[in-house]
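Chains as they are written, first to last, in this note's numbering: chain A, 1 to 83; chain B, 1 to 83; chain C, 1 to 83; chain D, 1 to 83; chain E, 1 to 83; chain F, 1 to 83; chain G, 1 to 83.
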């Protein structure tokens with residue numbers, strides 16, 4: 001196995017994103033922005049200061065939130081996703 | 001692993017929410033508010049004093065309810081979600 | 001783990017509902033009312049005296065019925081759900 | 001565990017229905033009536049003398065049929081379901 | 001366990017149908033007729049001389065075909081299904 | 001178990017199709033034609049010289065492609081499927 | 001097992017694509033182009049310099065992104081897919 005950019009396995013990106021803002025896209029086109037606090041192998045997440053987004057503008061503020069992994073399409077560190 | 005805000009794994013948020021009011025969003029846009037009594041690793045939940053919500057207003061009162069984990073999108077402590 | 005109201009795990013609610021009437025909501029908006037006789041860890045159920053409901057009125061009488069767990073959204077003891 | 005009406009686990013109802021006529025409802029509103037010959041823990045079934053039903057009238061005759069468990073919503077002994 | 005008609009488990013019907021013509025109904029209303037050559041516990045099938053059917057008439061000829069089990073609703077020996 | 005035509009298990013057909021052209025039908029009516037290079041027990045495939053088809057004519061050329069098994073409906077050797 | 005073109009198992013293609021640009025097609029017709037950094041057996045991916053595409057033109061820039069495997073239809077090295 002070759003390692004590229006210090007990321008050897010997919011979960012390495014989630015681990016290095018703890019404490020940082022991420023963009024999470026769900027099936028059915030829901031989008032959440034929040035600070036990643038925790039994740040597990042099912043890609044269940046806990047985010048803090050969560051904002052539910054719709055078409056790029058904030059729809060709802062959720063604070064601390066547990067997101068079930070099986071509805072997630074992608075997770076992207078906000079520093080690169082929201083530029 | 002870095003721990004942030006005392007939450008190391010996603011289920012830690014559910015554990016610290018026991019006895020508190022939570023907002024639960026299901027696939028298909030159903031929403032429930034109730035007191036979290038129990039959960040398991042499948043994210044099956046038991047809530048008490050459950051209200052089924054639609055567009056922010058109460059649709060049905062369900063009392064004690066078992067919610068199957070696989071229909072859940074997110075769970076958020078009501079103190080932060082409903083402000 | 002804190003225990004609230006004698007329910008430590010989600011299946012405890014199902015166990016204490018055996019022999020009692022429950023309301024079962026399925027994906028696709030089917031609703032059943034019947035007496036809970038048995039359940040397993042997949043949330044497969046056997047109900048007796050089952051009535052299939054539509055918009056709050058009885059659509060069909062099914063008697064003894066095996067319900068597959070994976071189509072279930074929630075299960076609520078009828079004493080609290082139907083008040 | 002309390003046992004009610006001799007049915008302790010959900011599969012007990014299927015076992016006691018072997019050799020009898022059952023009504024099987026599938027996702028997508030297909031309905032089958034036939035004699036239950038066999039089942040397994042995935043709720044795969046073999047029925048004999050199968051009739052595919054639509055709105056209460058027979059649409060197709062299938063004879064011996066293997067039904068995959070994961071499309072099943074409920075199984076009900078015909079003696080109670082079809083009265 | 002009672003055995004009825006020599007079929008004790010659902011896969012027994014598939015085993016006794018090897019080398020015979022079967023009707024296979026898939027989710028989304030596709031239908032195939034072909035000779036069953038092989039199956040496994042996931043209900044993956046290999047059929048020979050496969051015809052894809054639509055509304056009872058042949059739409060396409062596929063010859064030897066591997067069918068993934070998870071899209072299957074039912075499998076019925078053609079001798080009883082197509083009479 | 002009876003063996004028919006040298007195919008005892010469904011994966012035997014995939015194994016004997018390595019290096020040959022196959023037709024792959026996906027859920028949602030996508031169709032691919034390409035040379036089968038590899039497969040695994042999840043029916044994940046690698047095809048070479050892949051053409052994405054729509055209504056029998058070529059829509060896109062993809063070259064080497066990894067196809068996830070869980071979206072596949074059927075796989076058929078092109079020699080029999082495309083005649 | 002015969003090995004063709006040095007690819008014996010499907011994941012061999014992903015392994016040899018590390019550090020290279022790939023085209024990823026998701027269920028629901030989303031398309032991503034990015035550099036493959038990591039993957040696991042669930043086909044979870046990490047891509048860098050990700051562009052979300054729609055009808056062949058760029059819709060959004062996502063930078064580093066974790067893609068959940070269960071929404072993926074196919075993955076194709078961009079050198080062959082985008083020619």
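Glycine included, every Cβ here is placed at the ideal spot set by N, Cα and C.
For residue i, would you say it is in contact with chain C, using Cβ-to-Cβ distances shorter than 8 Å as the test?
i            : result
residue 36/D : no
residue 26/B : yes
Could you tell me which chain E residues have their CB closer than 8 Å to the CB of residue i, listed as they occur along the chain?
i            : result
residue 85/F : Because chain F here runs from 1 to 83, residue 85/F falls outside it and cannot be looked at.
What in chain D is Cβ-close to residue i, meaning under 8 Å?
i            : result
residue 12/E : 38, 46
When you compare the CB of residue i with every CB in chain D, is at least one pair closer than 8 Å?
i            : result
residue 71/C : yes
The beta strand (DSSP E) that contains residue i, what's its start and end?
i            : result
residue 40/A : No beta strand (DSSP E) holds residue 40/A; DSSP gives it neither H nor E.
Flag residue i as yes if its beta-carbon sits less than 8 Å from any beta-carbon of chain B, otherwise no.
i            : result
residue 68/A : yes
Residue i by DSSP, collapsed to three states: which one?
i            : result
residue 55/G : coil
residue 6/B  : coil
residue 19/E : coil
residue 70/B : helix
residue 48/A : strand
residue 24/D : strand
If we cut at 8 Å on Cβ distances, does residue i have a partner in chain I?
i            : result
residue 41/E : Protein chains in the displayed structure are A, B, C, D, E, F and G, and chain I is not among them.
Is residue i near the ligand HEM, judged by its Cβ being under 7 Å from some heavy atom?
i            : result
residue 13/E : No copy of the ligand HEM appears in this structure; indeed no ligand is present at all.
Report yes or no: is there a C-beta of chain A within less than 8 Å of the C-beta of residue i?
i            : result
residue 18/B : no
So with Cβ pairs under 8 Å, would you call residue i a contact of chain F?
i           : result
residue 2/G : Confidence in residue 2/G is poor, its pLDDT being 47 and thus under 50, which makes the residue's placement too unreliable to answer from.
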